[in-house]
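Residue numbers (UniProt numbering): 1 to 355.
Listed below in structure tokens is the structure:
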């Protein structure tokens with residue numbers, strides 16, 4: 001049975017005259033809310049508007065299988081592999097789909113792809129992403145990749161690599177109603193948070209490269225951001241500027257890796273901020289985002305992207321609790337059963353983690 005969560009109606013604007021000082025305070029509060037709501041989009045726009053060439057849409061056509069793309073770009077991939085290893089990367093059995101993404105993201109400009117790959121490989125060595133990739137391929141669960149991962153996922157309601165989208169790529173769902181930024185900031189520094197986020201992204205990327213080989217088509221990540229019950233407490237300025245800002249470099253270092261960014265149950269404030277920022281965004285960035293306000297629209301959009309069997313019931317799916325295979329692969333089976341059952345109790349995903 002589908003369970004849809006409805007937000008309470010927004011507080012209406014005051015209709016009675018206010019004192020001059022009260023009006024100024026009220027307008028300042030509204031302006032602050034708008035600025036805070038725009039920060040994540042504006043920070044992402046900085047990366048989305050980078051001078052990287054747009055992908056070659058012909059190469060990315062659905063009719064092109066992975067094997068065809070790899071054959072078409074075999075010489076360039078071989079040379080990029082040499083660049084990757086020379087800089088310090090370790091080639092593995094799934095490295096070809098990883099390298100192909102740089103070629104497609106630069107529309108076949110091998111020189112640009114080589115420069116981009118060099119910068120990215122150096123970044124991967126600095127942040128530990130290379131080490132994380134090796135651990136994932138060895139069979140490590142998500143929680144074992146970095147200590148910060150367990151802290152993030154038990155303080156921010158999120159389901160990382162929770163099944164597959166219709167295109168075969170991994171799905172991650174981020175829910176805001178049970179998230180308290182000050183609590184997470186008290187447990188992780190911005191640098192530790194970045195390390196945990198990199199581990200989560202890298203885990204999904206390995207799944208993408210592996211699934212691409214299995215399905216013979218290049219698959220990408222689908223992210224769902226649920227803004228139901230979004231409050232002013234979630235728009236913490238320190239968290240947005242010191243933690244959310246850490247995401248800026250990730251898009252640059254994961255080209256051609258994201259299929260969709262679904263923003264569901266988006267409140268009016270989010271819509272206002274997006275409409276203001278939308279004209280400044282590049283077309284290729286805008287096309288990845290879809291925003292849905294009502295529970296009905298949100299459920300419909302989510303199901304268009306993700307099969308029911310890979311979704312919790314609160315999002316219109318079939319999963320009453322986290323599938324055992326997902327819990328084991330991510331690492332929740334290592335958490336005490338009582339603690340798991342109490343995770344995010346009283347919120348949308350409350351009880352979902354229980355065995």
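All C-beta atoms in this analysis are idealised placements derived from N, C-alpha and C, irrespective of residue type, glycine included.
Does the segment 206-220 come into contact with the segment 171-185, if we say contact requires no fewer than three beta-carbon pairs (one atom in each stretch) closer than 8 Å?
no
Counting only runs that start and end within the segment 135-223, where is the alpha helix (DSSP H) found for 4 or more residues in a row?
147-153, 181-187, 190-215
Given a cut-off of 8 Å on the beta-carbon distance, is the pair residue 216 and residue 265 in contact?
no
Examine the Cβ distances between the segment 311-331 and the segment 155-165 and report whether three or more of them are shorter than 8 Å.
yes
Check residue 103 in the structure and name its three-state DSSP category.
helix
Taking only the alpha-carbon atoms, compute the straight-line gap between residue 370 and residue 324 and give it to the nearest angstrom.
No answer is possible for residue 370: the residues shown for the chain start at 1 and end at 355.
Give me, in chain order, the residues of the same chain whose beta-carbon lies closer than 6 Å to that of residue 311; leave out the 5 immediate sequence neighbours on both sides.
317
Please report how far the alpha carbon of residue 295 lies from the alpha carbon of residue 315, in whole angstroms.
9 Å
According to the neighbour-count rule (16 or more other Cβ atoms, all chains shown, within 10 Å of its Cβ), is residue 97 buried or exposed?
buried
Residue burial classification, residue 259 (beta-carbon count within 10 angstroms, cutoff 16)
buried
Residues in the same chain with beta-carbon distance under 6 Å from residue 178, minus the five sequence neighbours each way, listed in chain order, please.
157, 344, 347
Are the segment 101-108 and the segment 143-158 touching, with three or more C-beta to C-beta distances below 8 Å?
no
Straight-line CA distance for residue 261 to residue 290?
6 Å
Kindly list the residues whose CB is nearer than 6 Å to the CB of residue 236, restricted to its own chain and excluding five residues on each side of it in sequence; keep chain order.
181
Between which two residues does the alpha helix (DSSP H) harbouring residue 77 extend?
74-87
Outcome for residue 57 when other beta-carbon atoms lying within 10 angstroms are tallied against a minimum of 16:
Reliability of the predicted coordinates at residue 57 is poor, the pLDDT of 45 falling under 50, and the value obtained from them is presented with this limitation in mind. Exposed is the call here.
Hey, is residue 160's beta-carbon within less than 8 Å of any beta-carbon in chain D?
Given the protein chain composition of this structure (a single chain), no chain D is represented.
Is the segment 112-125 in contact with the segment 142-150, if contact means three or more CB pairs nearer than 8 Å?
no
Measuring alpha carbon to alpha carbon, tell me which of 131, 116, 149, 74 ends up nearest residue 200.
149
What residue range is occupied by the uninterrupted beta strand (DSSP E) comprising residue 298?
Segment 295-305 is the alpha helix (DSSP H) holding residue 298; no beta strand (DSSP E) there.
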